[in-house]
Amino acid sequence: MTEHSLPRATDLSQFPITQRWPAQHPDRIQLYSFPTPNGVKISIALEELGLPYEAHKVTLAESDVKSPEFESLNPNGKIPAIIDPGGPDGAPIGLFESGAILLYLADKTGQLIGTTARDRAVVTQWLMFQMGGVGPMFGQFGYFYAFGGKAIEDARPLERYLGEVRRLLGVLDGQLADRDWIAGDFSIADIAIGPWIRSLETGYGALKDIGWSDFPAVEAYRDRFVARPAVQRGLNVPARD
Ligand SMILES: N[C@@H](CCC(=O)N[C@@H](CS)C(=O)NCC(=O)O)C(=O)O
């Protein structure tokens, strides 16, 4: 092979984030994340799809997630974000918002989104249900139940979000009563929803106060989700320490 015919190394220097979190393998998808329910959606999807990737730990500390380097990729200052060196037109693309990244990866591979336009519409519907409902409501519930808002004496914020969590779990329980996965076959909608269901126990320790026994189909769904080998792998990426 002559020097001329050697494959050119992928150049990600146009992305300032790579100065702070350098790519060892710039030809692979670069994942900037932390193992939270939103973060692990992307590592789980990448594991399920078998796509080569390199994970960089961006903690939720302001010095990481709100740093100029991270915000150069996601001006909203929240994980997860990715750079795909092989974007749709062959040029690298940076993306943030977990739902947008999941749709992108599904479209890139033609997997985890069904096979017909109808499948895609229904998977997208449940993905948006997670992004607009489950994620924000569960997140606020966690804040008032287990974290910074716990000491607030006014009971109304917690009551409001507990009520929303129970209502949303009821919707999921109904949908899952006669199916294994939320939109038919296993899809990016499950990858979005599963980590948030799991977090009610692992993140907030809230099952007793939620009345978990009222949602048996959701419990069985969570167990099915967590039992998947790719989910097991993705849940711990990037390692916390
Ligand atoms: N809608 C965003 C939400 C992302 C999000 O809330 N990320 C959290 C971790 S789960 C975060 O980075 N928090 C840090 C901060 O807000 O300072 C998505 O789905 O990507």
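Here the sequence shown stands for residues 1 to 241, where the numbers follow full-length UniProt numbering.
For each residue, glycine too, the CB sits at the ideal point set by N, CA and C.
Nothing here was measured: the structure is a model prediction, and the numbers come from that model.
From the options, residue whose alpha carbon lies closest to that of residue i
i: valine 231; options: Ile17, Arg28, Pro37, Ala183; result: Pro37
i: valine 165; options: Gly110, Gly142, Ala177; result: Gly142
i: isoleucine 83; options: Asp178, Asp173, Ala192, Arg28; result: Arg28
i: alanine 239; options: Ala9, Gly39, Thr10; result: Gly39
i: alanine 91; options: Asp11, Ala81, Asp64, Tyr204; result: Asp11
i: histidine 25; options: Gly86, Gly77, Phe70, Thr115; result: Gly86
Residue i beta carbon near ligand 1 (any heavy atom closer than 7 Å)
i: leucine 60; result: yes
i: threonine 202; result: no
i: threonine 115; result: no
i: asparagine 38; result: yes
i: serine 98; result: yes
i: proline 238; result: no
i: isoleucine 79; result: yes
i: glycine 135; result: yes
i: lysine 66; result: yes
i: methionine 128; result: no
C-beta contact flag for residue i and residue j at 8 Å
i: serine 98; j: isoleucine 17; result: no
i: leucine 168; j: methionine 137; result: yes
i: alanine 45; j: leucine 95; result: no
i: isoleucine 79; j: phenylalanine 34; result: yes
i: arginine 224; j: aspartate 180; result: yes
i: alanine 217; j: aspartate 154; result: no
i: alanine 206; j: alanine 146; result: yes
i: glutamine 30; j: glutamate 54; result: yes
Residue i classed as buried or exposed, judged by whether at least 16 other C-beta atoms fall within 10 angstroms
i: glutamate 48; result: buried
i: alanine 106; result: buried
i: asparagine 74; result: buried
i: aspartate 214; result: exposed
i: threonine 59; result: exposed
Beta-ladder partner(s) of residue i, from DSSP
i: glutamine 30; result: Glu54, Ile83
i: isoleucine 93; result: Asp84
i: tryptophan 181; result: Gly184
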